[in-house]
Amino acid sequence: MVGNRIASWFSPAHVSAGFIAVLVGYTSSAAIVFEAARAAGASPAEMASWLWALGIGMGLTCIGLSLYFRSPVLTAWSTPGAALLATGLAGVPMAEAIGAFVFASALIALCGVTGWFDQIMRRIPKALASAMLAGVLLQFGLDVFAALPDQRLLVSLMLGLFLLARRHLPRYAVPLTFLLGLLVAAAQGMIRVGSIRVAFTHPIWTSPAFSLPVVLGVGLPLFIVTMASQNVPGMAVLRTNGYATPSSPLISWTGLTGVLLAPFGGFSFNLAAITAAICMSKDADPDPARRYRAAVWAGVFYLVTGIMGATIASVFAAFPRALVVAIAGLALLGTIGNSLLNALGTEDEREPALVTFLVTASGLTMFGIGSAFWGLALGIAASWIFERR
14 MVGNRIASWF SPAHVSAGFI AVLVGYTSSA AIVFEAARAA GASPAEMASW LWALGIGMGL
74 TCIGLSLYFR SPVLTAWSTP GAALLATGLA GVPMAEAIGA FVFASALIAL CGVTGWFDQI
134 MRRIPKALAS AMLAGVLLQF GLDVFAALPD QRLLVSLMLG LFLLARRHLP RYAVPLTFLL
194 GLLVAAAQGM IRVGSIRVAF THPIWTSPAF SLPVVLGVGL PLFIVTMASQ NVPGMAVLRT
254 NGYATPSSPL ISWTGLTGVL LAPFGGFSFN LAAITAAICM SKDADPDPAR RYRAAVWAGV
314 FYLVTGIMGA TIASVFAAFP RALVVAIAGL ALLGTIGNSL LNALGTEDER EPALVTFLVT
374 ASGLTMFGIG SAFWGLALGI AASWIFERR
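Residue numbers (my numbering): 14 to 402.
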């Protein structure tokens, strides 16, 4: 009897669903995290530490929350948050960047503990939050085509396969495109195989320093983007699949995990949406009550990727720049499109949302504060003017 229970945890359906969820998550957005760490001036050892912190944080929260609530609670890093950091951390000292991570995660934990999650999300106009996100991500989409003249074969083949896969195999479009990019880059001798090394990660502590411009220009937008574009749809996926898991403990624990692991590079943790759906499907288990085991296995695989963060960092460092830029931009195309649709779809909010989008995309910096903050601030001001009118 005990043996059967143990064996049930090694169901191929549970293991494969957890593995695919992690594989999709890494292939679709690890390149963006790598770009964020590069923007912060992280050394190879610090990049490995970032991946260690993210893997350990996601692994522990997936396993702990799924086992406690008996629900497939899948957590992830904030992909839009990583994109924000990749554009907003240029020239920011690492200690101040870590301070912004701590600030954003502390706000997330506070929202969970106090139950302010739903109230705060209602007070931030959805159109403006979407417009800010679209402005942050725009450069990633543009970079795909900017890389085309120098690497025509690599980028054009990746773009073509991505479009075909989005039409016929949407769930696997990014992993398949990434695989093709690897094959083409390897055939052209562009992958620096000699720099790849297999090693365990040694986490690096960086004491946080708090700078008001960085907290406002990076920390506050990171909090808003993570809550609006990650935690809200993450909870929606749980509810849509029939799980009544309370939101406050989930938000609290992901925020607290971010506070604890931010000094090692764990910039943000949140509920997953797209990859969570893999663990909640019938393919994971016909019985919804047992699907949480797939999320537990995802947590196990996350822990492995965290422990081997140094290896993953060396692999991404060996890739040609065009491959990393192309897969990051293509992976975000859907998010950019949905964000623009949500931002500009309502006529009454179109002008304020357009102001937010353009200001954020412009890269405007004033008083040391980045464009994401100014985009949201000017968008709210424009929204107030239009309401008064």
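We put the beta carbon where it would ideally sit given N, CA and C, even for glycine.
Note that this is a predicted model, so its numbers are computed, not measured.
- Query: Which residues mark the beginning and the end of the beta strand (DSSP E) in which ALA186 is found?
  - Reply: Careful: ALA186 lies outside any beta strand (DSSP E), inside the alpha helix (DSSP H) at 186-200.
- SER384 versus TRP65, ALA99, ALA89, LEU87, residue with shortest Cα-Cα distance: ALA99
- Going by C-alpha distance, which of PHE175, PRO276, PRO365, VAL272 is nearest ILE217? PRO276
- Query: Name the DSSP beta bridge partners of ASN283, please?
  - Reply: ALA89
- Task: Please state whether DSSP places MET203 in a helix, a strand or coil.
- Result: coil
- Message: Extract the residue ranges of the alpha helix (DSSP H) inside the segment 206-285, only unbroken runs of 4 or more that lie entirely within it.
- Response: 233-239, 245-253, 260-274
- Task: Could you check how far apart the C-beta atoms of SER484 and VAL126 are, in whole angstroms? I think they sit under 8 Å.
- Result: With the chain covering 14 to 402 only, the question about residue 484 has no answer from this structure.
- Item | Runs of beta strand (DSSP E) lying entirely within the segment 133-175, each at least 3 residues, in chain order | none
- Item | Whether GLY392 touches ALA374 by CB criterion (8 Å) | no
- Task: Going by DSSP, name the residue or residues bridged to MET71.
- Result: Partner(s): none; MET71 has no beta bridge.
- Item | Per-residue DSSP class, three states only, for MET107 | helix
- 8 Å CB neighbourhood of LEU182 in its chain, flanking five on each side removed: LEU189
- Query: Count the other CB atoms within 10 Å of the CB of LEU176; is the residue buried (16 or more) or exposed (fewer)?
  - Reply: exposed
- Query: Which residues in the same chain have their Cβ closer than 6 Å to the Cβ of ALA52, if we skip the five residues on either side of it in sequence?
  - Reply: ALA99, LEU102, ALA103
- Query: In chain order, what residues of the same chain lie with their CB nearer than 7 Å to the CB of VAL15, ignoring the 5 residues before and after it?
  - Reply: Any reading at VAL15 is ruled out, since the residue's pLDDT is 49, under 50, leaving its predicted position unreliable.
- Task: Give the straight-line distance between the Cα atoms of THR214 and ILE69, rounded to the nearest whole angstrom.
- Result: 11 Å
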